Amino acid sequence: MGQDLGAAVRGRVVRVDRGTVEVSVPDAVFAVDGGRHTLLVGDWVDVTTDGSPAVLRVHPRATVVSRASADRSSSEQALAANVDVVVVVEPLEPAPSLGRIERLLALAWSSGATPLVVLTKHDLRTMTDEDVDAVRSAAPGVEVLPVSAHTGAGMAELVEHLGTGRSFVLLGPSGAGKSTLVNALAGDPHMATAAVRGDGRGRHTTTHRELVELASGSVLIDTPGLRAVGLVGDLDAIDDVFAEIGDLAEKCRFRDCAHQGEPDCAVASAVATGDLPQRRLDSWRKLQREAAYQARRSDARLDREERARMRSQGRSRRAIQSRP
Numbered sequence: 036m037g038q039d040l041g042a043a044v045r046g047r048v049v050r051v052d053r054g055t056v057e058v059s060v061p062d063a064v065f066a067v068d069g070g071r072h073t074l075l076v077g078d079w080v081d082v083t084t085d086g087s088p089a090v091l092r093v094h095p096r097a098t099v100v101s102r103a104s105a106d107r108s109s110s111e112q113a114l115a116a117n118v119d120v121v122v123v124v125e126p127l128e129p130a131p132s133l134g135r136i137e138r139l140l141a142l143a144w145s146s147g148a149t150p151l152v153v154l155t156k157h158d159l160r161t162m163t164d165e166d167v168d169a170v171r172s173a174a175p176g177v178e179v180l181p182v183s184a185h186t187g188a189g190m191a192e193l194v195e196h197l198g199t200g201r202s203f204v205l206l207g208p209s210g211a212g213k214s215t216l217v218n219a220l221a222g223d224p225h226m227a228t229a230a231v232r233g234d235g236r237g238r239h240t241t242t243h244r245e246l247v248e249l250a251s252g253s254v255l256i257d258t259p260g261l262r263a264v265g266l267v268g269d270l271d272a273i274d275d276v277f278a279e280i281g282d283l284a285e286k287c288r289f290r291d292c293a294h295q296g297e298p299d300c301a302v303a304s305a306v307a308t309g310d311l312p313q314r315r316l317d318s319w320r321k322l323q324r325e326a327a328y329q330a331r332r333s334d335a336r337l338d339r340e341e342r343a344r345m346r347s348q349g350r351s352r353r354a355i356q357s358r359p
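As numbered in this note's numbering, residues 36 to 359 make up the sequence shown, in order.
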């Protein structure tokens, strides 16, 4: 017989690190045995708290933030669960990478959560109007907030924007100031920080995903710096990031216009007039190709797994039939 679900306590996974799982329940945080469950920071779970604490049930996830696995497989790496806001953290110093912002926004839209762009290190580099316009052009329909965790500039607006009782996750490269931002929002040092290297590249200080509770009742999840962000095969998320291209495409003469020399192409016309930067179109094409490729790889992987399952079932049936 299974364990008694009536004795379970509802909690939330606050840390997953090298097999260690910590769950927060009212008035306590303790390590648990995850058993056969694949757990993510942010998961809501039912756990036993007496004897050897163990996870009995994982509640359905409202949102999941995932990226393509860093290895050569076609699998996905889930980063966090049940978040309301994905905060794309990009440093102002060195200059923001628009391509990286677009890539992380695709990941954010794919999760089902609301994206937000936070530009850190406002104290090291003053944003010009051109900077603001460039970043906003890479993030149509997404709020863009420049902040400095050191001076406090923009932090009140960020706190107000994040609201109360919500869950959000920070995504960005190493050295973007995520851990410093966590400490500023939490009001005390939860995360270790490190100086940026002389070449402007960040040092990895966060090595695991961890949920931090804030005084506002909101929670945030810090993540290790992402060296590379592989896209899952979600073409709809790409369309969300490049909404203006989709709007223009509605005006093309041909419904299946590839925007590569067809007559009366509204997208090509917008590039020619400067209304659509060529960089945006090039980035859209690159991410479209990558997402489509990942989708094909995933379909092929699922097909292989299904074939392997059918072969295994066939061997089992033959073994049973051959018994005397």
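We put the beta carbon where it would ideally sit given N, CA and C, even for glycine.
Keep in mind that this is a model prediction, so the values were computed, not measured.
- DSSP lists Thr155 as the bridge partner or partners of proline 126.
- Contact between the region 294-301 and the region 190-200 is absent, with fewer than three C-beta pairs closer than 8 Å.
- By the Cβ neighbour-count rule, proline 126 is buried, with 16 or more other Cβ atoms within 10 Å of its own.
- When the five nearest sequence neighbours on each side are left out, the beta carbons in the same chain lying within less than 8 Å of the beta carbon of valine 120 are those of Ala148, Thr149, Pro150, Leu151, Leu197, Arg201, Ser202, Phe203, Val204, in order along the chain.
- For valine 93, the pairing in a beta bridge is given by DSSP as Val80.
- Histidine 157 is classed as buried because its beta carbon has at least 16 other beta carbons within 10 Å across all chains shown.
- The beta carbon of phenylalanine 277 lies closer than 7 Å to those of Arg315, Trp319 in the same chain, with the five residues before and after it left out.
- A distance below 8 Å between beta-carbons, with the five flanking residues on each side excluded, links valine 302 to the following residues of its chain, in chain order: Ile280, Leu283, Ala284, Cys287, Cys292, His294, Leu311, Leu316.
- Here leucine 154 is actually not in contact with valine 177; their C-beta atoms are around 12 Å apart, not less than 8 Å.
- The beta-carbon distance between leucine 91 and alanine 43, rounded to whole angstroms, is 5 Å. This is short enough to meet the 8 Å contact definition.
- Every unbroken stretch of the alpha helix (DSSP H) spanning 4 or more residues and falling wholly within the region 248-321 is given here in chain order: 270-276, 278-284, 301-308.
- For alanine 116 against alanine 272, the beta-carbon gap comes to about 17 Å, at or over 8 Å, which does not count as contact.
- The shortest CA-to-CA distance from leucine 255 to any of Leu270, Thr55, Leu206 is the one to Leu206.
- Secondary structure note for aspartate 68: it is in no beta strand (DSSP E), with a DSSP letter that is neither H nor E.
- Assignment of glycine 189 by DSSP, reduced to helix, strand and coil, places it in the coil class.
- Within 10 angstroms of the beta-carbon of arginine 138 lie 16 or more other beta-carbons, which makes it buried.
- The DSSP-derived three-state label of arginine 138 is helix.
- When the beta-carbon positions are compared, proline 95 and phenylalanine 65 stay at least 7 Å from each other.
- With a cutoff of 7 Å on beta-carbon distance, serine 145 and aspartate 269 are scored as near each other.
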